[in-house]
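Asker:
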Amino acid sequence: KMTLKDAEIQYAFAEAMHKDDDHNDKHIQTNGKKSIIEEQEEIKKR
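Just so we're aligned, residue -14 is where the sequence shown starts under our numbering, counting upward by one.
See the structure below:
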């Protein structure tokens, strides 16, 4: 089950990947200056 936060992260991630397909997803950062991977790990812990 996806929360709104999850959906926002997925959208931001997809948008970032679309802009730069070669970019490593671990380096793409959210507004909180954490990588997408870190954000997702935090969500799983809640």
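Even glycine gets a Cβ: it sits at the ideal position worked out from N, Cα and C. Note that the structure is predicted; figures quoted are calculated from it, not measured.
1) Alpha carbons only, please: which of LYS(-14), ILE21, ILE28, LEU(-11) is nearest the one belonging to ALA1?
2) To the nearest angstrom, how far is the alpha carbon of ILE(-6) from that of LYS(-14)?
3) Exposed or buried, which one is GLU26 when buried takes at least 16 other CB atoms within 10 Å?
4) LYS36 lies in the alpha helix (DSSP H); which residues open and close that run?
Answerer: Let me spell this out:
1) Here residue 1 refers to the residue found at position 16 of the sequence shown. Looking at the Cα atoms, ILE21 is the closest of the given residues.
2) Counting from 1 along the sequence shown, the entry for residue -6 is found at position 9. Counting from 1 along the sequence shown, the entry for residue -14 is found at position 1. Cα to Cα, ILE(-6) sits roughly 14 Å from LYS(-14).
3) On the sequence shown, residue 26 is found 41 positions in, with the first residue counted as 1. GLU26 is exposed by the Cβ-count criterion.
4) For residue 36 there is no data in the structure shown, the boundaries of the chain being -14 and 31.
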